Structures are given as C-alpha cells and as structure tokens.
Amino acid sequence: MNLFSLPTSLSLSLSLSLSLSSYLFLPLSTSPLLSTCLLPQHFSLSDSLISFPRTQLLHPHLILIPSNMTTRKCAAVVVGAGPAGVAVVGNLLERQLGTIAWIDPTFESGRVHRKYREVPSNTKVSLFQAYATSLQPFRTVIENTPRPNAFTTLAKLDQEKTCHLHYAADMIRGLTNGLVKMDQVLACHGFVTAASLSGSREKEWIVRIKQNGPDGRDEELQLQTSRLILCTGSHPTNLPIPIPDLHITPLDLDTVLKPSVLSKTLPTTKQTTVAVVGASHSAILALLNLVNLAQSSHPSLRVKWFTRHPLRYAEYMDGWILRDNTGLKGLAADFAKTQLEDSVLSTSAAGKVIEKVDCSGGREKESEMYREHLPDCEYITQAVGFTRDPLPKLLGEKGESLSLEFDHETGAFHGDAGGEKIPGLFGAGIAFPQRVVDPYGNVEYAVGFFKFMKFLKKVVPTW
Ligand SMILES: Cc1cc2nc3c(=O)[nH]c(=O)nc-3n(C[C@H](O)[C@H](O)[C@H](O)COP(=O)(O)OP(=O)(O)OC[C@H]3O[C@@H](n4cnc5c(N)ncnc54)[C@H](O)[C@@H]3O)c2cc1C
C-alpha cells in the first residue's frame with residue numbers, strides 16, 4: 050500500500066520546523082496533505098501508529114503532527130540509546146519478540162559521545178570490537194553500512210591497545226543508525242516521563258513519552274508493553290564542597306575530561322589552582338589533563354590533589370583481572386605509576402604542577418587538610434563516583450510511586466527492602482550494572498561496553 054491510497058478521515062497538521070526528529074509517529078488514517086510532502090514509497094501500515102524515517106520526507110523541514118494520542122502495543126520499550134540501550138535492543142531483536150520501541154532524545158551514543166570522546170579508554174580495542182560483533186542484528190548492520198565506516202576504522206586499530214573513546218562512540222552511533230532502520234524497531238526522539246503498571250492478570254506498562262514538537266511545543270505519545278527496560282545512564286557525583294561557604298568554583302568533572310573545553314574554561318595567564326578530589330580512573334585522567342594544560346597553554350595552572358587512598362591498579366591474573374572495575378588501567382595507570390606514586394611525584398614532570406594532599410587517617414584529619422589547603426584553590430573538581438540519572442516517574446497499579454531495588458544478578462527490579470519482583474521492569478548499563486565477585490571474593494559492579502553485553506546475553510533470555 051502506498052500513501053496515495055490511504056483513507057483520509059483523520060486530520061493532520063502540517064508544520065515547518067528546523068529541528069526534526071528522525072522518526073515521526075503517524076496515525077493509520079491520514080489526510081491528503083500527506084501526499085504533498087511524503088514520497089509514495091512502500092510502507093507497511095499494519096498498526097495504529099507507524100514511524101517514518103526522515104529520509105522518506107520530501108522536504109527535510111516538513112513534519113506531521115498527529116492530532117490525537119493513540120497507544121501502541123510493543124514487545125518492549127527500551128529507554129536510552131547509549132551503549133547499554135544499543136546492546137539491549139540488539140539482544141531483544143535477536144530473540145525476535147516483535148516490535149521494539151526505542152526512546153532517546155538524540156540517538157547519539159549517549160554520554161560517551163556527549164562527554165567522553167576525548168577520554169582514553171581503559172579497555173582494549175578488541176573489547177569494543179567484540180561488543181560490535183557479538184549479535185546477529187549488529188553484524189547485519191555492519192554488513193549493510195557503506196564502507197569506510199566506524200566499524201572498519203575500529204577494526205584497523207591495534208586490537209591489543211587502548212584507544213580514544215571517540216572510536217567507540219562512533220561505533221555505537223553506527224550500530225544505532227542501522228538498528229533504527231530495522232522493521233522491528235520503532236525509534237522515537239523523545240524523553241520517557243512516566244510509566245505505570247496496569248492490567249489484572251497480564252501486567253503491562255503504559256509508557257508516556259514527551260517529544261519535542263515543532264515551535265517548541267511538546268507532543269505526548271503513549272506505548273503499552275510487557276517489558277520496560279531502563280538504560281538511562283549516570284552522571285558524575287557532586288558532593289557538597291568540603292568547607293561550607295568557601296568561595297570556590299565547582300569545575301564539572303565532564304569538563305575536565307574534555308581537554309578542548311577545559312582549555313577554554315580555565316584562565317591561561319592568571320595564577321590558578323584547581324583542587325582535584327579522588328584517586329579513581331576519572332580522577333587520574335583529570336590530573337593528566339590538567340598537567341598537560343599546565344605544561345602547554347596554561348603555565349600558571351597548579352593542582353592540589355586531595356586523596357585518601359594509595360593508587361590502586363588493575364592486575365592481570367591467570368584468566369581474570371583483579372580490580373577489573375575499580376583499578377587503574379591503560380594510560381591512566383601508566384601516568385599514575387610513572388608520575389604520581391609517592392616515590393616519583395617529587396621528581397616527576399607532573400610533580401612540578403601537582404601537590405598531593407594526603408587525606409588518609411580519618412575524617413578529622415581529612416577536614417583539617419581541606420581547611421588548610423582548599424582556601425588556596427579557585428576551582429574544585431570531584432571525581433568521587435557516578436550517580437544514576439533521574440528515572441521516569443514509575444507508578445504501581447494503584448497510582449502509587451514505586452520505590453525500587455535493582456537486582457544486580459537478573460537485571461530485574463524488586464519492591465523496596467527485598468519486596469516482590471516488579472513485573473516487566475528491567476535495567477542495564479552504568480546505572481544498573483551486574484554485580485560480580487572475583488576469585489578472591491571481592492565484589493564489584495561490572496561497567497563497560499562488553500561487560501554490559503555479557504550480562505545482557507545472560508539475562509535477556511529470562512526477561
Ligand atoms: C570517564 C569514563 C571512561 C570510560 N571508559 C570506558 C572504556 O574505556 N571502556 C568501556 O567499555 N567503558 C568505559 N566507560 C564506562 C561505560 O561504558 C560508559 O559510561 C557508558 O557510556 C555508559 O553507557 P549507558 O548506556 O549505560 O549510559 P549513557 O551513555 O549515559 O546513555 C544513557 C542514555 O539514556 C538517555 N536517557 C536518560 N533518561 C532518559 C529518558 N527518561 N527517556 C529517554 N532517554 C533517556 C540519555 O539521554 C542517554 O542517551 C567509561 C565511563 C567513564 C565515565
């Protein structure tokens with residue numbers, strides 16, 4: 050059936066817009082106006098709502114707004130299109146469950162593209178490659194993508210080395226671009242605002258989505274599904290400034306991890322001291338970026354490094370990695386070993402820029418160190434972990450707010466304090482990682498592209 054033969058009963062408004070979603074939801078019945086802007090291609094109109102890729106619009110700035118809200122039923126609704134969302138969609142497609150609705154404001158690889166393109170990876174290229182090729186739908190995307198592309202670029206890198214994360218972000222973007230074109234995928238540029246459980250025997254989620262409509266007006270869409278999967282990501286944790294009321298400017302960790310932005314944020318000539326709090330992978334990368342700046346364009350830049358712990362490194366054991374998720378790896382580990390360890394800091398190039406403030410020895414001692422050193426700093430950046438991004442409002446059957454506990458073994462959720470399993474609700478990615486125990490009994494949370502994939506391959510068949 051092509052568009053010229055569609056019934057014309059339902060009214061549609063036609064608008065001009067400069068900001069366009071790649072995919073638009075259209076009702077089954079459409080107005081004659083459609084034929085003025087859409088190419089008569091071979092659409093299959095089997096449902097009450099369908100999505101049209103932007104390439105099917107004759108004029109790139111024309112979009113159509115449905116005049117009513119309809120609820121479409123899907124096999125799953127996946128929230129978020131970062132590396133975790135992409136891996137979830139791939140795993141669900143492999144199971145051939147039916148239509149997968151996929152919601153994200155931009156479909157641009159998530160935070161790794163927005164914030165971490167300039168960050169050196171802590172994993173080898175081969176793990177990004179393993180992620181990209183581990184599912185049949187991904188391999189189909191790779192085969193159908195004109196070359197050269199992000200996949201051929203990644204494949205040409207030294208697989209045993211680390212790389213900058215822009216290679217990984219572009220690979221995710223390439224997979225996303227291919228997946229959203231698949232018939233079973235209903236991709237929607239928007240934001241999931243709420244979801245509520247309904248149904249008596251068969252529990253379903255009614256998922257509400259806000260789309261940025263033309264003229265800045267929000268459009269509301271609604272989907273119904275038995276599987277709602279949250280891959281909504283995390284952001285750097287911001288703790289209160291250790292000395293309340295101190296006049297000091299917070300410097301976003303994401304800014305410090307992006308040298309091209311960092312160099313424009315800090316003054317080039319004025320004597321400036323940045324406090325860096327923490328000794329995590331991100332903290333060491335922050336120190337590295339600040340030292341690089343001080344050694345080049347910002348010679349008056351100095352750093353006070355507040356740390357409680359000795360530096361901890363990932364160790365390659367027989368077939369497994371000790372401190373795989375918490376230890377330093379790659380460039381950060383090399384920099385820490387050669388320039389930051391107590392034995393070398395006083396003589397290293399980094400030591401000319403960094404003053405280490407030892408905060409070990411308990412709270413009292415730590416507070417004392419902050420009181421002594423923090424007033425010398427103009428900026429503070431805290432690399433003290435990551436916090437889940439806000440979730441959509443999740444409501445139970447009686448409209449009550451659900452308080453959730455994530456099950457790090459199965460990817461499902463329970464009601465608070467070991468309550469009953471919440472039907473059809475799942476999570477993945479940095480916000481909802483797998484809990485792993487190493488052969489020494491150490492517990493960690495598995496965060497990384499390929500770790501998400503391994504976890505999902507195990508649990509998605511049970512969802
Ligand atoms: C500094 C740093 C370095 C790292 N280096 C590596 C590395 O070398 N190798 C590795 O494997 N891993 C690395 N990681 C870890 C991890 O792989 C990344 O953090 C990864 O990008 C997390 O992916 P995600 O999909 O869980 O979340 P995100 O990338 O944050 O994606 C979440 C997406 O969900 C969307 N979203 C959120 N809420 C909603 C909503 N309500 N409705 C619709 N959409 C929504 C967001 O807009 C976003 O697009 C690193 C992490 C950090 C912080």
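The sequence shown begins at 50 in this note's numbering and counts up one residue at a time. The beta carbon of each residue, even a glycine, is placed where N, CA and C say it ideally should be. All figures in this text were calculated on a predicted structure; none of them were measured in a lab.
Quick check: the Cα distance between Ala204 and Gln178, rounded to an integer number of angstroms? Locating residue 204 in the sequence shown gives position 155, counting from the first residue. Locating residue 178 in the sequence shown gives position 129, counting from the first residue. One C-alpha to the other measures close to 7 Å.
For Thr242, count neighbouring Cβ atoms within 10 angstroms of its own Cβ and tell me buried if that reaches 16, exposed if not. The count along the sequence shown starts at 1 and reaches residue 242 at position 193. It counts as exposed.
Residue range of the alpha helix (DSSP H) that includes Lys506: Counted from its first residue, the sequence shown places residue 506 at position 457. Start and end: Phe498 to Val508.
Buried or exposed for Pro76, please, with buried defined as at least 16 other CB atoms from any protein chain shown within 10 angstroms of its CB. Working through the sequence shown from its first residue, we reach residue 76 at position 27. Because the pLDDT of Pro76 is 27, which lies under 50, any placement of that residue in the model is unreliable, and the question is left without a value.
Kindly examine ligand 1 and report whether one of its heavy atoms sits closer than 7 Å to the Cβ of Leu277. Translated into the one-based positions of the sequence shown, residue 277 becomes position 228. Flag unset: Cβ of Leu277 not near ligand 1.
Rounded distance between the beta-carbons of Met502 and Ser183, thought under 8 Å: Here residue 183 corresponds to residue number 134 of the sequence shown, with the count starting at 1. Here residue 502 corresponds to residue number 453 of the sequence shown, with the count starting at 1. The Cβ separation is near 6 Å, so the contact holds.
Three-state secondary structure assigned by DSSP to Ser80: As a position in the sequence shown, residue 80 is number 31, starting the count at 1. Per-residue confidence for Ser80 stands at a pLDDT of 28, beneath the threshold of 50, marking its modelled position as unreliable; no derived number is given.
Do you know whose CA, among Val168, Thr317 and Met231, lies nearest Pro186's CA? Numbered from 1 along the sequence shown, position 137 holds the residue referred to as residue 186. Of Val168, Thr317 and Met231, the residue nearest in Cα terms is Met231.
Does the beta-carbon distance from Asn193 to Gly139 come in below 8 Å? For the purposes of this step, residue 193 is taken as the residue at position 144 of the sequence shown. For the purposes of this step, residue 139 is taken as the residue at position 90 of the sequence shown. Going by C-beta atoms, Asn193 is not nearer than 8 Å to Gly139.
Pick out whichever of Thr321, Pro424, Lys259 and Asn171 has its Cα sitting closest to the Cα of Thr155. Within the sequence shown, residue 155 is the residue found at index 106, counting from 1. Checking every option, the nearest Cα to that of Thr155 belongs to Lys259.
Same chain, Cβ closer than 6 Å to Ser329, five either side skipped, listed in chain order: In the sequence shown, counting from the first residue as 1, residue 329 sits at position 280. The residues are Ala432.
Report yes or no: do the segment 311–325 and the segment 339–353 share at least 3 C-beta pairs separated by less than 8 Å? yes
Who are Ser283's beta bridge partners in DSSP? Taking the sequence shown and counting its residues from 1, the one referred to as residue 283 is at position 234. Ser283 is bridged to Arg437.
Where does the unbroken alpha helix (DSSP H) through Phe177 begin, and where does it stop? For the purposes of this step, residue 177 is taken as the residue at position 128 of the sequence shown. Here the alpha helix (DSSP H) through Phe177 covers Val174 to Ala181.
Is Leu226 near ligand 1, with its Cβ less than 7 Å from a heavy atom? Position 177 of the sequence shown holds residue 226. In the sequence as displayed, the identity of residue 226 is Asn instead of Leu. No, since every heavy atom of ligand 1 falls outside the 7 Å radius drawn around the Cβ of Asn226.
Cβ of Asn374 versus every heavy atom of ligand 1: is any distance shorter than 7 Å? Within the sequence shown, numbered from 1, the residue matching residue 374 stands at position 325. No.
Enumerate in chain order the residues of its own chain whose CB-to-CB distance from Phe499 is below 6 Å, with the five nearest sequence positions on each side excluded. As a first step, residue 499 is located in the sequence shown; it is residue number 450 there, counting from the start. These residues qualify, in order along the chain: Leu176, Ala179 and Tyr180.
Just grab the DSSP bridge partners of Thr298 for me. In the sequence shown, counting from the first residue as 1, residue 298 sits at position 249. BP columns for Thr298 point to Tyr428.
Closest to Gly490 by CA distance: which of Gly497, Ile479, Arg372 and Arg166 is it? For the purposes of this step, residue 490 is taken as the residue at position 441 of the sequence shown. Comparing Cα-Cα distances from Gly490 to each of Gly497, Ile479, Arg372 and Arg166, the minimum goes to Arg372.
Any idea which residues DSSP pairs Ser450 with across the strands? Taking the sequence shown and counting its residues from 1, the one referred to as residue 450 is at position 401. Ser450 pairs with Leu444.
With respect to 7 Å, is the separation between the Cβ of Val433 and the closest non-hydrogen atom of ligand 1 below this value? For the purposes of this step, residue 433 is taken as residue 384 along the sequence shown, with counting starting at 1. Not so, every heavy atom of ligand 1 lies at least 7 Å from the Cβ.
Give the single residue among Asp264, Asp407 and Thr375 whose Cα lies nearest to the Cα of Arg357. Counted from its first residue, the sequence shown places residue 357 at position 308. Checked all of Asp264, Asp407 and Thr375; the closest Cα to Arg357 is Asp407.
Check this for me: beta carbons of Gly434 and Ala133, under 8 Å apart or not? Within the sequence shown, numbered from 1, the residue matching residue 434 stands at position 385. Within the sequence shown, numbered from 1, the residue matching residue 133 stands at position 84. For Gly434 and Ala133, no; Cβs fall outside 8 Å.
Using a Cβ-based criterion (distance less than 7 Å to any ligand heavy atom), does Arg166 qualify as near ligand 1? In the sequence shown, counting from the first residue as 1, residue 166 sits at position 117. Checking every heavy atom of ligand 1 against the Cβ of Arg166, none is found closer than 7 Å.
With distance defined between alpha-carbon atoms, name the residue in His347, Cys123 and Lys386 nearest to Ala363. Within the sequence shown, residue 363 is the residue found at index 314, counting from 1. When only C-alpha atoms are compared, the closest one is Lys386.
Please report the Cβ distance between Cys123 and Leu295, rounded to the nearest whole angstrom; I am assuming they are in contact, meaning their Cβ atoms lie under 8 Å. Residue mapping note: residue 123 aligns to position 74 of the sequence shown, counting from 1. Residue mapping note: residue 295 aligns to position 246 of the sequence shown, counting from 1. In fact, because the Cβ distance is near 51 Å, the residues do not count as touching under 8 Å.
Candidates Phe475, Val486 and Gly497: which alpha carbon is nearest Pro510's? By one-based count along the sequence shown, residue 510 stands at place 461. Comparing Cα-Cα distances from Pro510 to each of Phe475, Val486 and Gly497, the minimum goes to Phe475.
Does any heavy atom of ligand 1 sit closer than 7 Å to the C-beta of Asp438? Sequence index remark: in the sequence shown, residue 438 carries index 389 (1-based). Flag set: Cβ of Asp438 near ligand 1.
Can you say whether Thr298 is buried or exposed, counting buried as having 16 or more other CB atoms within 10 angstroms of its CB? For the purposes of this step, residue 298 is taken as the residue at position 249 of the sequence shown. By the neighbour-count rule (16 or more Cβ atoms within 10 Å), Thr298 is not buried but exposed.
Between Phe455 and Leu336, what straight-line distance do the alpha-carbon atoms span, to the nearest angstrom? The residue you call residue 455 lines up with position 406 of the sequence shown. The residue you call residue 336 lines up with position 287 of the sequence shown. Near 33 Å, if we compare the C-alpha coordinates of Leu336 and Phe455.
Is it right to say Ile152 is buried, meaning 16 or more other beta carbons lie within 10 angstroms of its own, or is it exposed? In the sequence shown, residue 152 corresponds to position 103, counting from 1. Flag for Ile152 reads buried.
Buried versus exposed, by CB contacts within 10 Å (16 or more), Lys414: Within the sequence shown, numbered from 1, the residue matching residue 414 stands at position 365. Classification for Lys414: exposed.
Please tell me whether Leu311 and Asn287 are closer than 8 Å, where the distance is taken between their beta carbons. By one-based count along the sequence shown, residue 311 stands at place 262. By one-based count along the sequence shown, residue 287 stands at place 238. No, they are not a contact pair.
Can you list the beta strand (DSSP E) stretches of 3 or more residues lying completely in the segment 181–259, in chain order? 234–238 and 240–247
Which residues DSSP lists as bridging Leu272, in chain order: As a working note, residue 272 is residue 223 in the sequence shown. Paired residues: Arg121 and Val256.
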